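S.K.:
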Amino acid sequence: GVLRGQCLDRRIGERARLVAEIAAWERQRNADGARIKWMFTTERARDKMVRAYPDQTKES
């Protein structure tokens, strides 16, 4: 994902350093107003994932 590609693209040896790196990355992304680019619309999600999004019009 984005975190792996932008922040974790190298080995970080210590847990404390890892936590600090991720926190700094997250602060910067939030400050930049980073947005998610959705791959499909809600309608397409309903079509693809029928079991997760039952059709409300058919239920009575």
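Numbering (our numbering), first residue to last: 17 to 76.
For every residue, glycine included, the Cβ atom is placed at its ideal position computed from N, Cα and C.
The structure presented is a predicted model; accordingly, all values stated were derived computationally and were not measured.
(1) Closest by CA to Ala50, which one among Thr58, Trp41, Thr57, Phe56?
(2) Please classify Arg26: does DSSP put it in a helix, a strand, or coil?
(3) Restricting to Cα atoms, I'd like to know which of Asp48, Cys23, Ala47 is closest to Glu37.
(4) From Phe56 to Glu30, what does the alpha carbon distance come to, in whole angstroms?
(5) Going by C-alpha distance, which of Val66, Leu19, Ala61 is nearest Gln44?
M.R.: Walking through what the data contain:
(1) Trp41
(2) coil
(3) Cys23
(4) 38 Å
(5) Leu19
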